[in-house]
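What follows is a short report on a single structure.
Number of protein chains: 2
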Amino acid sequence: MTESAITADLVAVLVAVSNGQPLVMTLEDGAALPAGPFEPGHRSLQAGLRAWVERQTHHPVGYVEQLYTFADRDRTKVGARTISISYLGLTRLLGGGGDAGWRGWYEYFPWEDHRAEKPPVLRLTAAYLTAWVAAGSTITVRRQRRERVDVNFGLGCTWTDELVLQRYELLWEAGLVPESPHRHESGVALIPGTPMMHDHRRILATGISRLRAKIKYRPVVFELMPERFTLLKLQQCAEAVAGQLTHKQNFRRLIEQQQLVEETGEFATETGGRPAKLFRFRAEVRRERAFAGTKLARAP
Amino acid sequence: MTESAITADLVAVLVAVSNGQPLVMTLEDGAALPAGPFEPGHRSLQAGLRAWVERQTHHPVGYVEQLYTFADRDRTKVGARTISISYLGLTRLLGGGGDAGWRGWYEYFPWEDHRAEKPPVLRLTAAYLTAWVAAGSTITVRRQRRERVDVNFGLGCTWTDELVLQRYELLWEAGLVPESPHRHESGVALIPGTPMMHDHRRILATGISRLRAKIKYRPVVFELMPERFTLLKLQQCAEAVAGQLTHKQNFRRLIEQQQLVEETGEFATETGGRPAKLFRFRAEVRRERAFAGTKLARAP
DNA sequence: TACCTTATGCTCATTGTTAGCATATCATTG
DNA sequence: CAATGATATGCTAACAATGAGCATAAGGTA
Numbered sequence: 000m001t002e003s004a005i006t007a008d009l010v011a012v013l014v015a016v017s018n019g020q021p022l023v024m025t026l027e028d029g030a031a032l033p034a035g036p037f038e039p040g041h042r043s044l045q046a047g048l049r050a051w052v053e054r055q056t057h058h059p060v061g062y063v064e065q066l067y068t069f070a071d072r073d074r075t076k077v078g079a080r081t082i083s084i085s086y087l088g089l090t091r092l093l094g095g096g097g098d099a100g101w102r103g104w105y106e107y108f109p110w111e112d113h114r115a116e117k118p119p120v121l122r123l124t125a126a127y128l129t130a131w132v133a134a135g136s137t138i139t140v141r142r143q144r145r146e147r148v149d150v151n152f153g154l155g156c157t158w159t160d161e162l163v164l165q166r167y168e169l170l171w172e173a174g175l176v177p178e179s180p181h182r183h184e185s186g187v188a189l190i191p192g193t194p195m196m197h198d199h200r201r202i203l204a205t206g207i208s209r210l211r212a213k214i215k216y217r218p219v220v221f222e223l224m225p226e227r228f229t230l231l232k233l234q235q236c237a238e239a240v241a242g243q244l245t246h247k248q249n250f251r252r253l254i255e256q257q258q259l260v261e262e263t264g265e266f267a268t269e270t271g272g273r274p275a276k277l278f279r280f281r282a283e284v285r286r287e288r289a290f291a292g293t294k295l296a297r298a299p
Numbered sequence: 000m001t002e003s004a005i006t007a008d009l010v011a012v013l014v015a016v017s018n019g020q021p022l023v024m025t026l027e028d029g030a031a032l033p034a035g036p037f038e039p040g041h042r043s044l045q046a047g048l049r050a051w052v053e054r055q056t057h058h059p060v061g062y063v064e065q066l067y068t069f070a071d072r073d074r075t076k077v078g079a080r081t082i083s084i085s086y087l088g089l090t091r092l093l094g095g096g097g098d099a100g101w102r103g104w105y106e107y108f109p110w111e112d113h114r115a116e117k118p119p120v121l122r123l124t125a126a127y128l129t130a131w132v133a134a135g136s137t138i139t140v141r142r143q144r145r146e147r148v149d150v151n152f153g154l155g156c157t158w159t160d161e162l163v164l165q166r167y168e169l170l171w172e173a174g175l176v177p178e179s180p181h182r183h184e185s186g187v188a189l190i191p192g193t194p195m196m197h198d199h200r201r202i203l204a205t206g207i208s209r210l211r212a213k214i215k216y217r218p219v220v221f222e223l224m225p226e227r228f229t230l231l232k233l234q235q236c237a238e239a240v241a242g243q244l245t246h247k248q249n250f251r252r253l254i255e256q257q258q259l260v261e262e263t264g265e266f267a268t269e270t271g272g273r274p275a276k277l278f279r280f281r282a283e284v285r286r287e288r289a290f291a292g293t294k295l296a297r298a299p
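For the record, the sequence lines run as chains A and B.
For the first sequence, numbering that gives the first Met the number 0 begins at 0 and goes up steadily by one.
For the second sequence, numbering that gives the first Met the number 0 begins at 0 and goes up steadily by one.
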């Protein structure tokens, strides 16, 4: 065998938001992301991914963006090497989400949902991570570990929502997730959170990180929203993605001053209180220009 | 042939800054980026890239980051499909840059250097792009083209330095660069700027875009700087990358309040005026944490 | 010594963010 | 029908970040 035997896989992180919950499309009873081989017939990687996802999930995908390409050795099958090219896709949920494949993404990352109060998992996580810090061989290693833990999990400073991938990788290194090969090192129990096959949970973390970052400087929320919506719905969608609550009045002000949306003139009455104006995204925004994104205003 | 015949290439955008000029490592007399096949022996893509670049350029690479994976059809050789995985690498220039491969990156993108005054190419570019806008078939197409041109080239609004890739793609679509297959459409002359083989100039644009964006929120400048330096040198490095001048006093204030650097106690006297303090990057920053990057302060 | 050059410190106006108060408008209930 | 509870929406004070300019310091050279 002189030539390298290489195959290419496409993996999709397909995201939707329904009822204030962020969802991801899965297969294998929630243990895998949609994936399939890249076929030479496809016009491009992006086209290949679109075709594959739509065939597999019967969902039209609105926005698609490349995430990362993996080819680490533990992905090797015998005699062949697989390159996985992962994508983030955003979509609206059409028919009430009858599909069985949709899972709330906080099942996989319970420590990432800060909308209610600090998730209880975090206390446990902090304790285990502190043990991992203390288990470092030299003082330098311990200091570096301490710093990483503090920054990523917001112990000294503030919680940064985009660090999903870094946090997952930290837990992986510390042997606190079942996917980790370092489990023997610490021998401690596991952090709650559903695992996935191969490195799919890492890919999902990459997708969430990217989306949380992107939503702040590009108008991609609207890919997740229906045609018409109230500002509260929009806010809840942004909060679902960010995993953090926001100050209502400031959120509204930001949205308005960015000229992201326009009134339809209609009202939504099913809210229980004063009827809310219905909005739609402005046409210029839908055409994905270099507009500002959905900035979040921290909750009080 | 049932199985897909796929090969994987690694392409590097290797960047350094010397004398206030941003440089990129090239081959083929400036017409290509360093590239080579990904071999199954490599531990990972990143390791493969590192090995390849260091063997080919005899340069140690400090920081490496994946850019994008391409597999468009026009990359096809007969019977095989090549996937190109591109990387951004940052390095310090050691021995005065005797290597012939280093090229100033503004040779390839003369419209991106706004440090002196508006580059003269821009007048030409704007004129050609306006013609392209007018050549749109329908009024909708023309309006969309106008909006894209305005936003990307800062005609109505302000110039945004990170849009290097989008600007190049616009010129490509408009048939204004020699690499473009749309040249017949407009039949106009070409915009100055050295072309490259295949889609290497697009990959370079991707790298510059990424670096210009990254430098603002991650401390990566120091990968391009020598051990000790004056604040002016640091500023000039940042300006070289951004292609824009910055307000000196405000730059200093930002750097200091971010605690990016610390004084060494020494002074540089070769400046011509009052001797400048020499600084070095703080150890915490060198260990690449989630620190803030080098924010730029717009010039007056 | 006068003058040029670069370094460095400080101020001020403007803008953007955070947080909270106040009011409007619906439904429901006593 | 008035009181109550819910949500929507408007407004403002306090504070932080940014952009721009003035002033001074400390070296060199004519």
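The C-beta atom is built at its ideal place from N, Cα and C for all residues, glycine as well.
Please read all numbers here as calculations on a predicted model, not as lab measurements.
query: Does any C-beta atom of chain A lie closer than 8 angstroms to the C-beta of B:T319?
result: Residue 319 of chain B cannot be examined here, being either before or after the span of chain B that is shown, 0 to 299.
message: Quick check: is the beta carbon of B:T68 nearer than 8 angstroms to any beta carbon in chain A?
response: Residue numbering aside, residue 68 of chain B sits at position 69 when the second sequence is read from its first letter. Yes, B:T68 lies at the interface with chain A (some Cβ there is under 8 angstroms from its Cβ).
- request: Just the C-alpha distance for A:P180 and A:M196, rounded to the nearest angstrom, thanks.
  value: Indexing the first sequence from 1 puts residue 180 of chain A at position 181. Indexing the first sequence from 1 puts residue 196 of chain A at position 197. Taking the straight line from one Cα to the other gives about 13 angstroms.
query: I think A:V16 touches A:L164, with their Cβ atoms under 8 angstroms apart; what is that distance to the nearest whole Å?
result: Numbered from its first residue, the first sequence carries residue 16 of chain A at position 17. Numbered from its first residue, the first sequence carries residue 164 of chain A at position 165. Going by Cβ atoms, the distance from A:V16 to A:L164 rounds to 20 angstroms, so no, they are not a contact pair.
query: Using a beta-carbon distance below 8 angstroms, is B:S136 in contact with chain A?
result: Here residue 136 of chain B corresponds to residue number 137 of the second sequence, with the count starting at 1. Not one chain A Cβ lies under 8 angstroms of B:S136.
- prompt: What distance in whole Å lies between the Cβ atoms of A:L277 and A:F228, which are believed to be in contact at a cut-off of 8 angstroms?
  reply: Residue numbering aside, residue 228 of chain A sits at position 229 when the first sequence is read from its first letter. Residue numbering aside, residue 277 of chain A sits at position 278 when the first sequence is read from its first letter. Confirmed, Cβ separation roughly 7 angstroms.
message: Would A:W104 and A:L22 be called neighbours here (beta carbons separated by less than 8 angstroms)?
response: Here residue 104 of chain A corresponds to residue number 105 of the first sequence, with the count starting at 1. Here residue 22 of chain A corresponds to residue number 23 of the first sequence, with the count starting at 1. Yes; because the gap between Cβ atoms is below 8 angstroms, this pair is in contact.
- prompt: Out of A:S208, A:G242, A:E255, A:Q257, which has the shortest C-alpha to C-alpha gap to A:Q65?
  reply: What you label residue 65 of chain A is simply residue 66 of the first sequence in a count that begins at 1. With distances taken between Cα atoms, A:Q65 lies closest to A:S208.
Beta-carbon neighbours of A:Q65, restricted to chain B and to distances below 9 angstroms: Here residue 65 of chain A is taken as the residue at index 66 of the first sequence, counted from 1. Going along chain B in sequence order, the residues near A:Q65 (Cβ under 9 angstroms) are Y67, T68.
Beta bridge counterpart(s) of B:Y62 as assigned by DSSP: Stepping through the second sequence from its first residue, residue 62 of chain B is reached at position 63. B:L89.
query: Would you call the CB atoms of A:S85 and A:I214 closer than 8 angstroms?
result: The residue given as residue 85 of chain A occupies position 86 in the first sequence. The residue given as residue 214 of chain A occupies position 215 in the first sequence. No, the Cβ-Cβ distance between A:S85 and A:I214 is not below 8 angstroms.
query: Measuring CB to CB, does B:L123 end up less than 8 angstroms from B:I190?
result: Numbered from 1 along the second sequence, position 124 holds the residue referred to as residue 123 of chain B. Numbered from 1 along the second sequence, position 191 holds the residue referred to as residue 190 of chain B. Yes, Cβ-Cβ distance for B:L123 and B:I190 is below 8 angstroms.
- request: Use the C-beta contact count for A:V313: other C-beta atoms within 10 angstroms, 16 or more gives buried, fewer gives exposed.
  value: Residue numbering for chain A in the displayed model covers 0 to 299; residue 313 of chain A lies beyond these limits and cannot be assessed.
Segment limits, alpha helix (DSSP H) that includes B:D149: Residue mapping note: residue 149 of chain B aligns to position 150 of the second sequence, counting from 1. Residues 138 to 151.
message: Looking at B:P59: is its Cβ nearer than 8 angstroms to the Cβ of B:T25?
response: Within the second sequence, residue 59 of chain B is the residue found at index 60, counting from 1. Within the second sequence, residue 25 of chain B is the residue found at index 26, counting from 1. It is not a contact, given that the beta carbons lie outside the stated cut-off.
- prompt: Of all the CB atoms in chain A, is at least one closer than 8 angstroms to the CB of B:I202?
  reply: Taking the second sequence and counting its residues from 1, one reaches residue 202 of chain B at position 203. Answer no: the Cβ-Cβ gap between B:I202 and chain A never drops below 8 angstroms.
message: Please identify the residue among B:N18, B:R80, B:A7 whose C-alpha is closest to the C-alpha of B:G47.
response: To locate residue 47 of chain B, count along the second sequence from 1; it is residue 48. Nearest C-alpha to B:G47: B:A7.
message: For a cutoff of 8 angstroms on Cβ pairs, would you count B:L44 as touching chain A?
response: Here the question's residue 44 of chain B lines up with position 45 in the second sequence. Answer yes: the Cβ-Cβ gap between B:L44 and chain A drops below 8 angstroms somewhere.
- prompt: Between the C-alpha atoms of B:E53 and A:G242, what's the straight-line distance to the nearest angstrom?
  reply: Walking along the second sequence from the start, residue 53 of chain B turns up at place 54. Walking along the first sequence from the start, residue 242 of chain A turns up at place 243. Distance between the alpha carbons of B:E53 and A:G242: 42 angstroms.
message: So that I know if they touch, is there some Cβ in chain B lying closer than 8 angstroms to that of A:I82?
response: Within the first sequence, residue 82 of chain A is the residue found at index 83, counting from 1. Taking Cβ atoms only, chain B reaches closer than 8 angstroms to A:I82, which makes this a yes.
task: Please work out which residues of its chain come closer than 7 angstroms, Cβ to Cβ, to A:W158, disregarding the five sequence neighbours upstream and downstream, and give them in chain order.
output: Against the first sequence, residue 158 of chain A aligns to sequence position 159. Counting only Cβ-Cβ distances below 7 angstroms, and skipping sequence neighbours, we find H113.
message: Please tell me whether B:G192 and B:Y107 are closer than 8 angstroms, where the distance is taken between their beta carbons.
response: What you label residue 192 of chain B is simply residue 193 of the second sequence in a count that begins at 1. What you label residue 107 of chain B is simply residue 108 of the second sequence in a count that begins at 1. For B:G192 and B:Y107, yes; Cβs fall inside 8 angstroms.
message: Between A:V12 and A:G88, how many whole angstroms is the CB-CB distance? I'm expecting something under 8 angstroms.
response: By 1-based counting over the first sequence, the position of residue 12 of chain A is 13. By 1-based counting over the first sequence, the position of residue 88 of chain A is 89. 7 angstroms between Cβ atoms; contact.
Closest residue to B:T129 among B:P274, B:E269, B:W101, B:L154 (Cα-Cα distance): Position 130 of the second sequence holds residue 129 of chain B. Closest option to B:T129, Cα to Cα, is B:L154.
task: For B:T268, count neighbouring C-beta atoms within 10 Å of its own C-beta (all shown protein chains included) and say buried if the count is 16 or more, exposed if not.
output: Working through the second sequence from its first residue, we reach residue 268 of chain B at position 269. B:T268 should be labelled exposed.
field: Residues of its chain near B:V260, where Cβ-Cβ distance is below 7 angstroms and the 5 sequence neighbours each way are ignored
entry: Mapped onto the second sequence, residue 260 of chain B falls at position 261. Closer than 7 angstroms at Cβ, skipping near neighbours: I254, F278, R279, F280, R281.
query: Taking the DSSP output, what are the residues bridged to A:F280?
result: In the first sequence, residue 280 of chain A corresponds to position 281, counting from 1. Paired residue(s): A:V260.
query: Just the Cα atoms here: how many angstroms apart are B:E262 and B:F250?
result: Translated into the one-based positions of the second sequence, residue 262 of chain B becomes position 263. Translated into the one-based positions of the second sequence, residue 250 of chain B becomes position 251. Whole-angstrom Cα-Cα distance: 16 angstroms.
- request: Going by DSSP, name the residue or residues bridged to B:R80.
  value: As a first step, residue 80 of chain B is located in the second sequence; it is residue number 81 there, counting from the start. The partner list for B:R80 (beta bridge, DSSP) reads B:I5.
query: Going by other Cβ atoms of all chains shown within 10 Å of its Cβ, with 16 needed for buried, is B:H57 buried or exposed?
result: In the second sequence, the residue the question calls residue 57 of chain B occupies position 58. Burial call: exposed.
- request: Could you check the C-alpha separation between A:F37 and B:R142 for me, to the nearest Å?
  value: On the first sequence, position 38 is the one that residue 37 of chain A refers to. On the second sequence, position 143 is the one that residue 142 of chain B refers to. For A:F37 and B:R142, the distance between alpha carbons rounds to 36 angstroms.
task: Could you check if A:G100 is buried or exposed, using at least 16 other CB atoms within 10 Å of its CB as the buried criterion?
output: As a first step, residue 100 of chain A must be located in the first sequence, where it is residue number 101. Per the 10 Å Cβ criterion, buried.
- prompt: Using the C-alpha atoms, what's the distance from A:A31 back to A:L231?
  reply: Position 232 of the first sequence, counting from 1, holds the residue named residue 231 of chain A. Position 32 of the first sequence, counting from 1, holds the residue named residue 31 of chain A. Those two C-alpha atoms are separated by around 33 angstroms.
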